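Residue numbers (my numbering): 856 to 1114. Cβ coordinates follow ideal geometry from the N, Cα and C atoms, glycine included. No experiment lies behind these values; they were computed from the predicted model shown. So the structure is just underneath, and the comments pick up after that.
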């Protein structure tokens, strides 16, 4: 018999990497009402709350941000910078995803952090045709771009850490983040959309649950808005221990598509 134990909704100490980005800012704003948040990044962002400067490539800085934390939400990633050469961009993207993820998981495990939520990307299933309904049981089929390879390989790092630290890591593969309230009415519908508000709700849920579905060592979940005829199955995240359903389903856009 399998039992589910959920942490009570008490205030937790949570550190966020990549907090200056759009998702990081949304997480900080949403979770600050209920938890003590320590947002970190290598830069400040206009309109963002106070951010502690910390580079995920600096192991000492990462060790510091993990001290005294109940959970770490790992969002940090590098994007293409037009000021850098192709080689420099590729190196920076790979280092941030791979070494950054390794540093976060190493420091978190040594500091006794109970949960690390790794924010990942459904892009690693780009190799499947549209006639597939992709679930967590599917093997990733990323293309050879540096971005998709960095996402895929960073998940492998998480998988290996989970074997030694079972129950610590939950990887949440998200779709394309958009704000339904700000989306243009004539925007072409994409089956990979996910509203920022659902993303932050799911991330908080990921911090709180004590038991994973499937592998008991590593939590692995896919998440999109759950449109009709969805390409990505939400069965695992919605019907299992995670028990999450998106609230924003872009109904106006898919009804327009089917009318």
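Helix, strand or coil at residue i [DSSP, three-state]
i, result
"residue 1066", "coil"
"residue 859", "Any reading at residue 859 needs caution, since the residue's pLDDT is 35, under 50, leaving its predicted position unreliable; the model's value is listed next. Correct three-state label for residue 859: coil."
"residue 906", "coil"
"residue 826", "With the chain represented from 856 up to 1114, any question about residue 826 goes unanswered, as that position is not in the structure."
"residue 1108", "helix"
"residue 1051", "helix"
"residue 1087", "strand"
"residue 994", "coil"
"residue 989", "strand"
"residue 1042", "coil"
"residue 976", "strand"
"residue 1026", "strand"
"residue 1037", "helix"
"residue 1103", "coil"
"residue 1095", "coil"
"residue 1005", "helix"
"residue 956", "helix"
"residue 932", "coil"
Assumed close pair residue i, residue j - CB separation to whole angstroms, cut-off 8 Å
i, j, result
"residue 924", "residue 868", "5 Å"
"residue 975", "residue 1023", "Actually they are not in contact, since the Cβ atoms of residue 975 and residue 1023 sit about 16 Å apart, beyond 8 Å."
"residue 875", "residue 900", "4 Å"
"residue 1099", "residue 1060", "5 Å"
"residue 865", "residue 926", "Contact flag wrong, Cβ pair sits at about 12 Å."
"residue 1088", "residue 988", "5 Å"
"residue 999", "residue 1048", "With 8 Å as the limit, residue 999 and residue 1048 do not qualify as a contact, their Cβ atoms being about 25 Å apart."
"residue 962", "residue 917", "4 Å"
"residue 1086", "residue 985", "7 Å"
Range of the contiguous beta strand (DSSP E) that encloses residue i
i, result
"residue 879", "First-last for residue 879: 877-886, but that is the alpha helix (DSSP H), not the beta strand (DSSP E)."
"residue 1077", "1074-1078"
"residue 870", "868-872"
"residue 968", "First-last for residue 968: undefined, no H or E at that position."
"residue 893", "891-896"
Cβ shell of residue i (< 7 Å), same chain only, five flanking positions each side left out
i, result
"residue 1001", "945, 948 and 949"
"residue 1095", "1068"
"residue 929", "872, 956, 959, 971, 972, 973 and 974"
"residue 1045", "1031"
"residue 1034", "1050 and 1051"
"residue 856", "Because residue 856 carries a pLDDT of 32, less than 50, the predicted location of this residue cannot be relied on, and the following value inherits that uncertainty. Result list for residue 856: empty, nothing under 7 Å."
"residue 858", "For residue 858, the predicted model reports a pLDDT of 31, less than 50, meaning its position is unreliable; a value from the coordinates is still stated below. So the list is empty, once near-sequence residues are dropped."
"residue 1093", "1099 and 1100"
"residue 1021", "1071 and 1072"
Chain-order list of residues whose beta-carbon lies under 6 Å from that of residue i (same chain, five-residue window excluded)
i, result
"residue 1052", "none"
"residue 1017", "1024, 1072 and 1073"
"residue 954", "912"
"residue 1055", "881, 882 and 885"
"residue 914", "958"
"residue 879", "871, 873 and 930"
The alpha helix (DSSP H) enclosing residue i, as first and last residue numbers
i, result
"residue 926", "Taken as a continuous stretch (DSSP letters only), residue 926 belongs to no alpha helix (DSSP H), being part of the beta strand (DSSP E) at 926-929."
"residue 865", "Premise fails: residue 865 is in no alpha helix (DSSP H) and is neither H nor E."
"residue 914", "914-921"
"residue 1032", "It is not in any alpha helix (DSSP H) - residue 1032 instead sits in the beta strand (DSSP E) that spans 1031-1033."
"residue 944", "941-949"
Own chain residues within Cβ distance below 8 Å of residue i, not counting five before or after
i, result
"residue 1006", "952, 975, 976, 978, 979 and 997"
"residue 891", "866, 867, 868 and 869"
"residue 1090", "990"
"residue 920", "870, 872, 893, 895, 907, 909, 927 and 962"
"residue 939", "947"
Contact test: residue i Cβ vs the ligand ZN heavy atom, cutoff 7 Å
i, result
"residue 868", "The ligand ZN is not among the ligands present in this structure, which contains no ligands whatsoever."
Is the region 921-937 close to the region 979-994, with three or more CB pairs under 8 Å?
no
Segment contact, 8 Å Cβ cut-off, at least three pairs: the region 1070-1078 with the region 1002-1020:
yes
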